[in-house]
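Q: Those protein sequences? They're chains A and B, same order as listed.
If you want the working numbering, it's the position in the first sequence, counting the first as 1, plus 1012.
If you want the working numbering, it's the position in the second sequence, counting the first as 1, plus 660.
Structure provided below as structure tokens; questions to follow.
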Amino acid sequence: MLQRLEHLLGIEDLTREQISFILDQAKPFQEFQRHPLKKLATLRGKTVALAFFENSTRTRISFATAAARLGADTMNLQAESSSLKKGESLLDTVRTLEAMRPDGIVIRHSSSGAPEFVADRLGVPIVNAGDGTHEHPTQALLDALTIRDRKGQLEGWNLTILGDVLHSRVARSNIHLLSKFGVRITLCGPAMWVPRELETLAPNVRRVTRIDEALDQADVIIALRVQTERLHEPALAAEEYILRYQLTPQRLRLARASALVLHPGPMIRGLEIDDAVADGPQSCVLEQVTNGLAIRMALLYHLVGGAAVEPPPAKVPDKAQ
Amino acid sequence: MRVVEKRQLLSAEEISRTLQRLAHEIVEKSGGTQDLALIGVRRRGVPLSERLAKTVKDFSGVEIPVGTIDITLYRDDLSTVGPQPVVHSNEINFNVDDRDLVIVDDVLYTGRTIRAAMNGLFDLGRPKRIRLCVLIDRGHREMPIEATFIGNSVQTSDTEIVEVHLKEIDGDERVVLVDRVP
């Protein structure tokens, strides 16, 4: 059970039961978001360090708000202002953070595996807020919560993920999570962004080049953000991406009438998604944001709360020194 | 450590009669059912509050709103217990502002649960009044909290436990006093 989970590093190693437990525990926190007074004292006296070695606005604000609503204090470390710019190593930076005795560290890093590296070396619960092209577990959990709320269950749906799947940790975490619940997953995008290896990531994953085919029978569509710096001549021009892969109202009609549209944000309107779809009745984009708070509150409550973890024993100084 | 049953405090029949009396008392002392609402504390306060509301409806015809509160997030011992307890949703589908609320629970002991329940209610609004109804008051208060409506007062020692069994949750229906013996 989650009570035994020390860190949240990724979705891949979680069991279906652990995932369901986190989703169930988010329910009371969803209800909480509607309270007139959104402030608990549950984690009063606890400190959550937000260590963002890579730019982030939405995820950082979401974690900071979740911590604040639980009554915890936050310490902020941002890439631009940190000593990383001065050449300090990741381990030294997080050891410095740990010396301030936080009760949990939320970490985002451009290197895949950085949160696990830190978790192996510190005695503090670690939450992965996105690492390289590896995983973004809280995004997949909030997406799953959104799908489960709207459609009643996760099991048995057809999911289509559109865009730059190769570079997307959101896509990876979603593939791991939803395939555990028997969701059939279709990946669609330019061939260079949807390589064959992705089919081996999890069971029930297939690749489709044509968007019309990918959207046929889809129950849930996740449109990924397209990073404009990756769109250039001669490989693929932005105009061509729009022409072939933009999620438009006409294309959305190819999916099931009840299909949901999710986007991890920030959306680039007019590139990967059309205005009418982004603001349409099938769009869950704003629900995703609110659900993100509920998921992160549930995780912080279980990982950071409870009896304090004993700090690792202090190293005995070397006598020769 | 063994747990032994010392005596039965209430039978199913006595629980039912006690709730009948409490329902009448709540309406009488409130001067009617105007603004009245019941809040059951998870878990055993929930069926008790539902039964009280049903009794009120039977004799007055008025359906008073019933809500459920989960106190987990408001507990004051979370940093001392090991793994975090599972959280459940509140189910209060009415506005608590200016309501005349009666919190319903099975056993009043230290008063800490009721303190937590009141904190939870304050997050939802500003009730006009909050009172407390319990099936059993067993003493040993650690907070300045007393109940307005009491089914039975029982003298207990520290090691004893009052177990309330309700058919909705436990399958059987009775209140027993048990003791922990080494």
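Note that CB positions come from ideal geometry on N, CA and C, so glycine has one too.
1) Could you check where the alpha helix (DSSP H) with ASP832 of chain B kicks off and where it finishes?
2) So, for ARG801 of chain B: in the same chain, excluding its five sequence neighbours on each side, which residues have a beta-carbon less than 7 Å away from its beta-carbon?
3) Nearest to GLY799 of chain B by alpha carbon, out of B:VAL767, B:VAL663, B:LYS666?
4) Can you find the residues in the same chain that come closer than 7 Å, C-beta to C-beta, to VAL1289 of chain A, ignoring five residues on each side of it along the sequence?
5) With PHE1033 of chain A as the anchor, note down where its alpha helix (DSSP H) starts and where it stops.
6) How close, in whole Å, do the beta carbons of ILE829 of chain B and LEU792 of chain B come, if the pair is a contact with beta carbons under 8 Å?
7) Just list the alpha helix (DSSP H) runs in the region 688–734 of chain B, keeping only unbroken ones of 4 residues or longer that don't cross its boundaries, in chain order.
8) Who are the near neighbours of LEU670 of chain B in its chain, counting only those whose CB is closer than 6 Å to its CB and skipping five residues on each side?
9) Would you kindly work out how many angstroms separate the C-alpha atoms of MET1309 of chain A and ALA1078 of chain A, rounded to a whole number?
10) DSSP puts ASP760 of chain B in a beta bridge; with which residues?
11) Could you please give me the residues that DSSP links to ILE1197 of chain A through a beta bridge?
12) Under 7 Å from any heavy atom of the ligand NAP, does the C-beta of VAL1232 of chain A make it?
13) Would you report the Cα separation of VAL1182 of chain A and HIS1146 of chain A, rounded to the nearest angstrom?
14) Is the CB of LEU1049 of chain A under 8 Å away from at least one CB in chain B?
15) Out of curiosity, what's the CA-to-CA distance linking ARG677 of chain B and LEU1052 of chain A?
16) Once the 5 residues before and after ALA1152 of chain A are set aside, which same chain residues still bring their CB inside 6 Å of it?
17) The beta strand (DSSP E) spanning MET1003 of chain A covers which residue range?
18) At the level of alpha carbons, what is the spacing between ILE729 of chain B and VAL1316 of chain A?
19) I'd like to know if VAL747 of chain B contacts chain A, where contact means its C-beta is closer than 8 Å to some C-beta of that chain.
20) Taking its Cβ as the centre, do 16 or more other Cβ atoms sit within 10 Å of VAL864 of chain B, making it buried, or is it exposed?
21) Suppose the cutoff is 6 Å on Cβ atoms and the five residues either side in sequence are ignored; what does the same chain contact list for LEU1213 of chain A look like?
22) From ARG1113 of chain A to LEU1166 of chain A, what does the alpha carbon distance come to, in whole angstroms?
23) Measure from the C-beta of ASN864 of chain B to each C-beta in chain A and report whether the shortest distance is under 8 Å.
24) Please compile the residues from chain B whose C-beta is within a distance smaller than 9 Å of the C-beta of PRO1040 of chain A.
25) Could you run through the region 782–794 of chain B and flag, in chain order, every residue whose CB is less than 8 Å away from some CB of chain A?
26) Where does ILE810 of chain B sit, in a helix, a strand or coil, going by DSSP?
27) How would you label SER817 of chain B, buried or exposed, when you count the other beta carbons within 10 angstroms and need 16 or more for buried?
28) Return the CA-CA distance between LYS827 of chain B and LYS666 of chain B, expressed in angstroms with no decimal places.
29) Cβ of GLY771 of chain B less than 8 Å from any chain A Cβ?
30) Counting only beta-carbon separations shorter than 8 Å, does GLU1029 of chain A have a partner in chain B?
31) By the three-class DSSP mapping on this structure, what secondary structure does LYS1051 of chain A have?
32) So what does DSSP say about ASN779 of chain B, is it helix, strand or coil?
A: Here's the rundown:
1) From DSSP, ASP832 of chain B is part of no alpha helix (DSSP H); its letter is neither H nor E.
2) THR770, GLY771
3) B:VAL767
4) LEU1259, THR1260, PRO1261, LEU1264, VAL1273, SER1295
5) 1028–1044
6) In fact, because the Cβ distance is near 21 Å, the residues do not count as touching under 8 Å.
7) 705–720
8) VAL835
9) 5 Å
10) B:LEU696, B:ARG789
11) A:LEU1171, A:VAL1217
12) Only the bare structure without any ligand can be found here, which leaves the ligand NAP out of the picture.
13) 8 Å
14) Interface residue, yes.
15) Here the alpha carbon of ARG677 of chain B sits roughly 39 Å from the alpha carbon of LEU1052 of chain A.
16) ILE1023, SER1185, ASN1186, LEU1189
17) The requested residue 1003 of chain A does not occur in the structure, where chain A is confined to residues 1013 to 1333.
18) 24 Å
19) Yes, because at least one Cβ of chain A sits closer than 8 Å to the Cβ of VAL747 of chain B.
20) Past the edges of chain B, shown from 661 to 842, lies residue 864 of chain B, and the structure says nothing about it.
21) ILE1187.
22) 39 Å
23) Here chain B has residues from 661 to 842 only, and residue 864 of chain B is not among them.
24) ASP730, THR732, LEU733, VAL747, HIS748, SER749, ASN750
25) PHE782, ASP783, LEU784, GLY785
26) strand
27) exposed
28) 21 Å
29) no
30) no
31) coil
32) Note: ASN779 of chain B maps to helix in three-state DSSP.
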